[in-house]
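Numbering (our numbering), first residue to last: 104 to 319.
Read the structure below first, then the notes.
Here it is as structure tokens:
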């Protein structure tokens, strides 16, 4: 693996939106991994991981520092270049392969001990359920699927303040996974303190789904 980004993008509406978004944003990485990732992946032994929607690479870098070999994916070449630079600065470029995918069109190859799909929301059309089903298929036997999604609207969000969110149980049911092949580790909607792009803070709610793929 290496810290260079492999391009599987191609000018889709999602790619154009997120390219513009990240080119307009100069907010640096805060270097902190997701709290849900730390909670559920922290106790695991190192292995292979797929980080979907890696943004500036904080989660991928955290995993690599713990010995994981990571495939980190985003639709924006701009943010992948930043993530690769952050990985290089952290000294873990050899453990992370950055790949550019519009997940509505292409999906990374392989099966992984951990598949992390955190906040795969988009203001442009995005087949989220289909992508999360593909994420589940990418989990190796014995591996962990971690999905985190917004369950409330932060004051700085682009989402409609009146958005009605599904419960975590409804989100899980929409994936239509075979219950004989998965064990629930956690399905719930915890609160957390979030920080906005201009340093503002708010209490928000997330849907968190952590599932273990059974070995048989």
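We put the CB at the ideal spot given by N, CA and C, even for glycine.
- Rounded to whole angstroms, the gap between the alpha carbons of residue 143 and residue 115 is 33 Å.
- Per DSSP, residue 165 has no beta bridge partner at all.
- In the DSSP assignment, residue 200 falls within the unbroken beta strand (DSSP E) covering 199-204.
- Restricting attention to 160, 185 and 152, the CA atom closest to the CA of residue 173 is found in 152.
- For residue 147, no beta strand (DSSP E) run applies, since DSSP gives it neither H nor E.
- Shown here for residue 124: same chain residues with a beta carbon closer than 8 Å to its own, the five before and five after excluded, namely 179 in chain order.
- For residue 314, the pairing in a beta bridge is given by DSSP as 248 and 287.
- Per the coordinates, the alpha-carbon of residue 202 lies some 8 Å from the alpha-carbon of residue 211.
- If you draw a straight line from the Cα of residue 279 to the Cα of residue 209, it comes to about 21 Å.
- Distance from the CA atom of residue 205 to the CA atom of residue 306, rounded to whole angstroms, is 31 Å.
- Looking from the CA of residue 304, the closest CA among 259, 246, 312 and 176 belongs to 259.
- A contact between stretches requires three or more CB pairs, one per stretch, nearer than 8 Å, and the stretch 155-165 meets this requirement with the stretch 182-198.
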